[in-house]
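With the working numbering applied, the first sequence closes on residue 650, and no number is skipped along the way.
Backbone N, C-alpha and C fix where the C-beta goes; we use that ideal spot for every residue, glycine too.
Here is the structure we will look at, set down as structure tokens.
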Amino acid sequence: MGDSTRLATMGFALPIKAETSDAFLRQVHALAAKTGTDACTFFTGKILLLAAVTLANGLDYARHILEDFTSPNAFMFNTVIRGFAESAQPHLSFRSYAQMKRRALSPDSFSFAFLLKAAANSGSLYAGAQLHSHVTHHGLDHHLYVATTLVSMYAECGCFSSAKNAFEELSHPNVVAWNAVVTAYFRSGDAHGAGNVFAQMPVRNITSWNLMLAGYIKAAEFGEAQRLFMEMERKDQVSWNTMIVGFSTHGHFEDAFIFFRGLMSEGIMPNEVSLTGVLPACAQMGAFESGKILHGLIQKTGMTSILPVANALLDMYARCGNIEMAWRVFCCDMAKKNNIVSWTSMISALAMQGHGEEALKLFREMVMVGIEPDWIVFVSALYACSHSGLVEEGLGLFRRMTEEYGIHPSVEHYGCMVDLYGRAGLLEKAYEFILEMPIKPNSVIWRTLLGACSIHGNVELAEDVKMRLAEFEPDDSSDHVLLSNAYAKAGKWSDVVDIRKSMSERSLRKDPGWSSVEVNKVIFRFIACEKLSSVREEASKKLEEIMLRLRMEGYMPQVANVLHDIEEEEKEDAVVRHSEKLAVGFGIARMGKGETIRIAKNLRICRDCHEVMKLISKVFEREILLRDRSRFHCFRDGSCLCGDFW
DNA sequence: TTAGGGTTAG
5 MGDSTRLATM GFALPIKAET SDAFLRQVHA LAAKTGTDAC TFFTGKILLL AAVTLANGLD
65 YARHILEDFT SPNAFMFNTV IRGFAESAQP HLSFRSYAQM KRRALSPDSF SFAFLLKAAA
125 NSGSLYAGAQ LHSHVTHHGL DHHLYVATTL VSMYAECGCF SSAKNAFEEL SHPNVVAWNA
185 VVTAYFRSGD AHGAGNVFAQ MPVRNITSWN LMLAGYIKAA EFGEAQRLFM EMERKDQVSW
245 NTMIVGFSTH GHFEDAFIFF RGLMSEGIMP NEVSLTGVLP ACAQMGAFES GKILHGLIQK
305 TGMTSILPVA NALLDMYARC GNIEMAWRVF CCDMAKKNNI VSWTSMISAL AMQGHGEEAL
365 KLFREMVMVG IEPDWIVFVS ALYACSHSGL VEEGLGLFRR MTEEYGIHPS VEHYGCMVDL
425 YGRAGLLEKA YEFILEMPIK PNSVIWRTLL GACSIHGNVE LAEDVKMRLA EFEPDDSSDH
485 VLLSNAYAKA GKWSDVVDIR KSMSERSLRK DPGWSSVEVN KVIFRFIACE KLSSVREEAS
545 KKLEEIMLRL RMEGYMPQVA NVLHDIEEEE KEDAVVRHSE KLAVGFGIAR MGKGETIRIA
605 KNLRICRDCH EVMKLISKVF EREILLRDRS RFHCFRDGSC LCGDFW
């Protein structure tokens with residue numbers, strides 16, 4: 005067989021999703037040029053397709069091949085248009101389309117399917133509407149595939165009425181077109197309308213059901229999603245994954261676990277989507293033991309080399325406070341290449357434990373190995389600085405972010421800077437910084453400063469900031485609490501009482517705080533004001549015992565003098581029954597002495613709880629690892645590794 | 001040899 009025949013045959017044999025190396029493809033192409041095989045549109049078309057789909061810089065390569073080609077056909081252009089449509093720069097598809105027209109080639113239904121996808125992916129209604137008129141001009145607006153893509157494009161670009169019109173153009177829509185219009189309803193925020201269309205559908209397939217699940221969950225209609233899920237005669241892996249991911253991302257972690265177990269008990273093997281769904285639930289809840297079991301499963305199924313899975317695993321260990329295991333995942337599997345997500349998780353992990361210097365070292369290492377920092381990793385690096393009191397380093401980093409990397413600071417970066425000054429006690433600097441910000445400060449920025457005022461007891465500034473915050477959300481209870489903490493820190497008890505009273509009168513309550521603790525691989529979550537249950541009773545009883553013992557050791561609650569004027573009921577909710585105290589009580593009741601009590605909390609720990617945890621660790625000889633909204637606290641022998649800086 | 005609808009990490 006001659007070279008040219010062999011190469012042409014290869015054109016047929018090369019599978020599209022093949023793992024192809026850049027060198028191999030270029031070699032094949034060069035050989036083809038020598039033998040004249042590259043004149044074959046079929047062969048070169050396939051090369052273009054392979055380059056566009058599988059190579060890192062394949063699109064530019066493909067475009068160059070196409071430019072040099074004497075007589076390209078529509079297929080070749082479609083391939084490159086498709087490649088760009090799915091890339092990070094979908095608008096480049098339009099350039100290839102222009103080139104196609106310059107070469108006097110007529111776009112077909114395939115071209116428009118890809119081009120409309122490009123318009124959808126770039127969110128450009130302008131481009132989409134223009135393409136629509138080209139579609140009409142070519143008489144393709146009733147084409148099933150093109151019209152379906154039109155529906156999706158308009159929905160994606162936020163133009164619901166046009167999406168509906170495009171659908172109504174179809175005299176015989178098939179199930180895919182129906183599905184597209186249901187998705188369009190959800191996109192427009194009309195879950196009820198989507199439900200009506202779903203009810204009218206002449207035929208449904210499993211995807212119709214699955215997109216209803218996803219739509220209801222995105223609309224926070226969890227009950228509807230559950231009801232539909234129960235009604236489904238057949239559930240595939242996507243159905244289960246939709247529930248796991250959906251419930252997990254909306255903070256319903258227990259439900260995410262239930263669906264994950266449901267998937268397993270159906271005999272379906274969890275895939276990377278199931279795991280990237282359930283691992284964040286473990287991470288948020290601090291479910292270390294459950295996370296370890298998942299790690300075993302991941303190793304057994306060879307998924308450690310799948311980067312999103314490895315990164316979710318790394319983040320789980322980081323958020324469960326096990327930095328050693330996080331390191332192990334970060335370093336171990338040589339088959340996977342850590343990307344910026346892995347580095348960011350590792351940097352945050354170190355920062356959360358107060359290892360600011362090490363976090364910054366890792367950041368520098370990341371830059372050294374050639375990873376271009378993005379805005380998120382800068383948030384983590386700045387967070388590392390603020391949590392370890394590294395003011396100069398933080399300032400330098402903030403400057404370099406713009407000067408060297410051209411990243412314009414977002415409100416998150418400004419927040420870190422305010423925190424950096426604020427925690428370090430440079431409150432006036434923080435205040436000036438906010439006033440000089442080129443973007444309008446939001447409530448988070450002001451609340452960060454208010455938090456710093458409360459730590460340092462600067463009442464005057466706290467009052468000013470509180471006034472500014474009232475413009476945003478006057479009824480936000482956390483602002484009142486922060487101001488009252490500032491008064492407390494400054495010893496102004498009567499002001500504390502006034503605030504608490506006014507909160508009580510206006511029935512402002514704190515966000516329900518929760519804390520979770522893992523006992524024997526089972527997670528127990530305690531919520532501040534929930535009704536009595538047997539578990540809660542057990543925790544409360546133990547807590548009373550513990551507090552009695554602590555009082556005997558000389559502990560005085562920091563709130564005793566704060567709350568003397570407050571209604572009895574209010575006292576109940578207050579510091580005495582903070583959820584982290586219940587969690588630790590439950591941990592002591594149920595766990596053996598040598599076991600670390602791991603607690604995760606959704607809000608920041610208060611000073612009183614921090615003191616109590618320190619005492620418990622000493623009096624009861626327990627190690628307590630507590631992750632709050634801000635960082636990790638590790639209580640051992642009567643002190644915390646955070647050194648009371650948080 | 002190319003297509004339309006549903007689930008994926010910081």
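Quick check on the DSSP output: the beta strand (DSSP E) that includes S520 runs from which residue to which? Residues 518-523.
Which runs of the beta strand (DSSP E) at least 3 residues long sit entirely within the region 420-462? Give them in chain order. Listed in chain order, the beta strand (DSSP E) elements of length 3 or more contained wholly in the region 420-462 amount to none.
What are the start and end residues of the beta strand (DSSP E) that includes L630? Where L630 is concerned, the enclosing beta strand (DSSP E) stretches over 628-631.
Considering only residues of the same chain and omitting the five flanking positions on each side of C163, which have a CB-CB separation below 7 angstroms? Cβ within range, chain order: L129.
For K3, which residues from the same chain have a beta carbon less than 7 angstroms from its beta carbon, with the 5 sequence-adjacent residues on both sides left out? This structure gives no information on residue 3, because the portion of the chain shown stretches from 5 to 650.
Is DSSP giving E571 helix, strand or coil here? Here the model assigns E571 a pLDDT of 43, short of 50, so the residue's position is not dependable and the matter cannot be decided.
Applying the 10 Å Cβ sphere with the 16-neighbour rule, what's the burial state of Y409? Answer is exposed; the Cβ neighbour count stays below 16.
Cα separation between G266 and A218? Whole-angstrom Cα-Cα distance: 18 angstroms.
Between the beta-carbon of L311 and the beta-carbon of K340, is there less than 8 angstroms? In this structure, K340 lies closer than 8 angstroms to L311 by Cβ.
Using DSSP with H/G/I as helix, E/B as strand and the rest coil, what is H254? Coil, per DSSP.
Among the candidates K296, H68, M372, A593, whose CA atom is the shortest distance from the CA of E542? Restricting attention to K296, H68, M372, A593, the CA atom closest to the CA of E542 is found in A593.
Run through the DSSP bridge pairs and tell me what A604 is partnered with. DSSP, once it has assigned bridges, lists S520, R631 as partnering A604.
Assigned secondary structure, R238 (DSSP; H/G/I helix, E/B strand, else coil): Correct three-state label for R238: coil.
Just how far apart, CA to CA, sit I272 and L215? Straight-line spacing of the CA atoms in I272 and L215 works out to 20 angstroms.
Exposed or buried, I443, counting other C-beta atoms within 10 Å across all chains shown (16 or more means buried)? By the C-beta density criterion, I443 is exposed, having fewer than 16 other C-beta atoms within 10 angstroms.
Which residues in the same chain as A285 place their Cβ atom closer than 7 angstroms to its Cβ, once the five residues preceding and following it in sequence are excluded? So the list reads S252, F257, A260, F261, once near-sequence residues are dropped.
Only counting the same chain, and skipping five residues up and downstream in sequence, which positions put a Cβ closer than 8 angstroms to that of L354? Excluding positions up to five away in sequence, the list reads I327, G360, E362, A363, L366, A388.
Would you decide whether H33 is buried or exposed? Buried here means 16 or more other CB atoms lie within 10 Å of its CB. Classification of H33: buried, given that the 10 Å Cβ count is 16 or more.
So, H412 versus G358, is the Cβ gap smaller than 8 angstroms? Not closer than 8 angstroms, so no.
Does DSSP classify F476 as helix, strand or coil? Coil at F476, not helix or strand.
Any idea what DSSP makes of S643, helix, strand or coil? Annotated three-state conformation of S643 is strand, per DSSP.
In the structure shown, what three-state DSSP assignment does H412 receive? In the three-state DSSP reduction, H412 falls in the coil class, being neither helix nor strand.
Is it buried or exposed for G199, if we count other Cβ within 10 angstroms and need 16 for buried? By the Cβ neighbour-count rule, G199 is buried, with 16 or more other Cβ atoms within 10 Å of its own.
Could you check the C-alpha separation between T299 and L283 for me, to the nearest Å? The residue you asked about is not Thr; residue 299 is His in the sequence shown. Distance between the alpha carbons of H299 and L283: 9 angstroms.
Suppose you measure from the CA of I449 to the CA of S634; what does that come to, to the nearest Å? The alpha-carbon atoms of I449 and S634 are separated by roughly 15 angstroms.
With distances taken Cα to Cα, identify the nearest neighbour of P111 among A78, G143, Q31. Checked all of A78, G143, Q31; the closest Cα to P111 is A78.
Spatial neighbours of I603 within its chain, please: C-beta separation below 8 angstroms, excluding the five flanking residues on both sides. Excluding positions up to five away in sequence, the list reads G290, S519, S520, V521, E584, A587, V588, G591, I628, L629, L630, R631.
Per-residue burial, E477 [other beta carbons within 10 Å of its own, 16 or more giving buried]: Answer is exposed; the Cβ neighbour count stays below 16.
What does the Cβ neighbour count give for R504, buried or exposed, with the cut at 16 atoms within 10 Å? R504 comes out buried.
Does H136 pass the burial test, meaning 16 or more other C-beta atoms within 10 Å, or should it be called exposed? H136 comes out buried.
Residue range of the alpha helix (DSSP H) that F171 falls in? Its alpha helix (DSSP H) spans residues 164-172.
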